[in-house]
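Q:
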Amino acid sequence: MGTINKVLLIGRLGKDPEERTTAGGTCVSSFSLATDSYRGGTAEKNAEWHRVVVFGKVAGLCNQYLKKGRLVCVEGSLQTRCWEKSPGEKHYFTDVVASRVTFLGPGGADATPSPPEETAAPG
């Protein structure tokens with residue numbers, strides 16, 4: 546049987562996206578996404594934070610239209626990276642590498658307008 550690395554999240558941006566360009570000229574957008582979890586069926590809500598990275602045309606749309614507080618649906622996969630801060634001191638972090646970002650609900654803190662098509666996907 547094959548394996549699956551698929552993530553689907555609906556949450557709100559914790560801050561405006563960070564924009565950068567790779568050495569090869571690819572547009573990159575990264576942002577933190579908060580999802581809510583409830584403990585033991587109680588009304589106590591806890592935020593779970595996810596780091597999302599988007600590449601290419603989708604990244605450009607995210608950088609242009611997303612703002613802190615915006616509700617989005619992110620589809621993608623998990624990617625864990627490792628680096629050594631000093632010899633023998635490895636650090637790991639996991640990103641959600643988005644293949645599709647759907648803009649949902651109001652535009653966030655500044656009521657940012659949505660792009661002509663509500664879904665930004667690579668193309």
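The opening position of the sequence shown corresponds to residue 546 in the working numbering, with each subsequent residue numbered one higher. C-beta: ideal position from N, C-alpha, C; glycine also. Small disclaimer: the values here were computed from a predicted structure and weren't measured.
Indicate the three-state DSSP secondary structure (helix, strand or coil) for A604 in the structure shown.
A: If DSSP states are grouped into helix, strand and coil, A604 belongs with the helices.
Q: Would you check if the region 547-565 and the region 619-628 touch, i.e. whether three or more CB-CB distances between them fall below 8 Å?
A: Yes, since at least three Cβ pairs between the region 619-628 and the region 547-565 fall closer than 8 Å, the two stretches touch.
Q: From C627 to V617, what does the alpha carbon distance come to, in whole angstroms?
A: Whole-angstrom Cα-Cα distance: 28 Å.
Q: How many Å lie between E663 and R645 at the Cα?
A: The predicted model places E663 with a pLDDT of 43, which falls under 50 and marks its position as unreliable, so this point remains unresolved.
Q: Give the range of the beta strand (DSSP E) segment to which A643 is assigned.
A: Counting along the chain, the beta strand (DSSP E) containing A643 begins and ends at E634 to L649.
Q: Please identify the residue among V573, E564 and E593 whose C-alpha is closest to the C-alpha of R557.
A: Minimum Cα distance to R557 is reached at E593.
Q: When you compare the CB positions of S577 and E564, do they come within less than 8 Å of one another, or not?
A: Going by C-beta atoms, S577 is not nearer than 8 Å to E564.
Q: I'd like the span of the beta strand (DSSP E) that includes G559, first residue to last.
A: That residue, G559, is in no beta strand (DSSP E); it is neither H nor E in DSSP.
Q: Could you tell me which of V598, E634, G633 and K613 sits nearest to G650, measuring between CA atoms?
A: G650 has its Cα closest to that of K613, out of V598, E634, G633 and K613.
Q: Can you give the Cα-Cα distance for P562 and A579, rounded to whole angstroms?
A: Taking the straight line joining both Cα atoms gives about 13 Å.
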